[in-house]
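Just so you know, the sequences run in chain order G and V. Going by our numbering, the first residue of the first sequence is number 1, and it counts up by one from there. Going by our numbering, the first residue of the second sequence is number 105, and it counts up by one from there. We put the beta carbon where it would ideally sit given N, CA and C, even for glycine. Since the structure is predicted, the reported quantities are computational estimates derived from the model, not experimental observations. The next block holds one structure in the form of structure tokens; read it before the comments.
Number of protein chains: 2
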Amino acid sequence: MEKEKLERLSKAGWKAAGTEEFLGLSSAEAALVELRLRLSDKLKQRRRTMKLSQTAFAKSIRSSQSRVAKMEASDSTVSIDLLIRSLFGSGITLQELSETISDR
Amino acid sequence: MEKEKLERLSKAGWKAAGTEEFLGLSSAEAALVELRLRLSDKLKQRRRTMKLSQTAFAKSIRSSQSRVAKMEASDSTVSIDLLIRSLFGSGITLQELSETISDR
DNA sequence: GAATAATATGTCTAAACTGACATATCATTA
DNA sequence: TAATGATATGTCAGTTTAGACATATTATTC
């Protein structure tokens, strides 16, 4: 995992409980974190494509600006559930979700 | 969405809050539910391939037999987070997760 | 460079989720 | 059909996550 990504993560409140790999992440944990990053990047990308502010986007998915900011930052208080619900709320399809997860 | 699937869902405690489509599911809600079904099916399939009882599998992912049963049943008290964490815990890759979501 | 908009961060209470346990139902087989 | 193992269901107390709000920081525009 790249340095930039790790900085982003520790900034977002991540400090793994696990035992393996870099920064103490087990491979399962690493996969989870990677997944989160991909989902949050996709969300930010979609919001920007829609040309909405976080506030406007939040309203459209019935959330709040602060939560959207945290989602986009992959904050550790944000669940994968919320990320996915938000993506679906923004109109993404299962197919696109699948591609979001595998792409790279 | 097929009848069988709907029965399975209402049995699992689902009764949508939404406004559109069958059983009152909005398309975003429907996508979420469909996602859950695919994840829980995959989980059950993996456990069976590993030839583990729910109890043994639960132990391996640090959960409980009852929760595993609920995961496999797509129970409404089970989060997507837990499903995905369990899949990663069972050794699935991001690629396989992606395929699980799009397949069908 | 002040004003304004956008985004980030910290914190709260309520709601949702979790593992665990008890117990019920169903399946297998002796 | 009794016994044993597997799975399902209900409940609960502890934990995590949610939206909301306040406020800080950063961008944009005048």
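Local Cβ density within 10 Å of residue i, reported as buried at 16 or more and exposed below that
i      : result
M175/V : buried
E108/V : exposed
K146/V : buried
E133/V : buried
R189/V : buried
R48/G  : exposed
A56/G  : exposed
Three-state secondary structure assigned by DSSP to residue i
i      : result
I196/V : coil
I61/G  : coil
A56/G  : helix
T181/V : coil
E111/V : helix
S144/V : helix
A134/V : helix
E203/V : helix
Same chain, Cβ closer than 8 Å to residue i, neighbours up to 5 away in sequence not counted
i     : result
R62/G : G89
L52/G : S60
For residue j and residue i, the rounded distance between their alpha carbons
i      : j      : result
L9/G   : I80/G  : 15 Å
E111/V : V137/V : 13 Å
E203/V : A116/V : 24 Å
K15/G  : L35/G  : 16 Å
Q54/G  : L87/G  : 14 Å
S131/V : M154/V : 34 Å
A31/G  : L198/V : 7 Å
Neighbourhood of residue i by C-beta, 6 Å cutoff - its chain only, sequence neighbours within 5 removed
i      : result
K148/V : E176
V182/V : K174 and M175
L37/G  : S74
L39/G  : L83
A58/G  : S64, Q65 and V68
Close Cβ partners of residue i (< 7 Å) along its chain, the five nearest in sequence each way excluded
i      : result
E2/G   : none
I205/V : L139 and R142
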